[in-house]
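Under this note's numbering, the first residue of the sequence shown carries the number 8, and numbering increases by one thereafter. Scroll down for the structure; my scribbles are underneath it.
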Amino acid sequence: MEDHKLKIIHKALQGNKDAIEFINHLSFIARAWDDIIDKDKGIDDDRINRAFWIALVEIPQNPFYQQYLFQLTPLLRDYINSWLDANNMEQGASDNNKHVAFVLRDLIGNIVMQCAYLIGGYDWMRTVSPWVRSFQFEEKFDQYMEGLTHGNV
């Protein structure tokens, strides 16, 4: 993840080491999973193994995840379902469906905002929401469409 994104996440999560690690792990898994499904970038066995290790060992051991398991699980379920929908909607879809897919594929930022809520409450979540959205939708729609055309989204 890029440095500017890491800084925003660190600030949004008030430096909570376990929450930051949870988000970093989710991001690693999401990128690996996307590369496996899209087949647009090579992914080696070590990265695949690491993603499964993180998902099955490190995240369940994470104290932030353990503390907020019941709040985080529905968010993860929704994020994964949205990402699966986005992948389906990209395939030979109408322009409108591609617009929807463009938004659905990057909803991991919503998890960051909800983690901010769990850490600092409503007012804090509302404070950090614009910062997170600034990088959540950093990519422009025309860049996304070009990537779809060239098979590297």
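Where a beta carbon is used, it is the ideal one built from N, C-alpha and C, also for glycine.
Reference N23, options S101, L125, K12 and I50, closest by Cα: L125
With a Cβ-Cβ cutoff of 8 Å, do D92 and L111 count as a contact? yes
Within 8 Å, strictly: CB atoms of I27 and A39: no
Quick one: any contact between the stretch 57-76 and the stretch 101-108, if contact means 3 or more CB pairs under 8 Å? no
By a C-beta neighbour count over all protein chains shown, 10 Å radius and 16 as the cutoff for buried, is D10 buried or exposed? exposed
Taking DSSP as the reference, what is the three-state secondary structure of L20? coil
Express the C-alpha separation of L155 and H17 in angstroms, rounding to a whole number. 31 Å
Alpha helix (DSSP H) segment containing R140, residue limits: I115 to Q143
Can you check whether the CB of W131 is closer than 8 Å to the CB of I15? no
Between which two residues does the alpha helix (DSSP H) holding I55 run? D52 to W60
If I measure Cβ to Cβ from N69 and keep anything under 8 Å in the same chain, skipping five residues before and after, which residues do I get? D25, E28, F29 and H32
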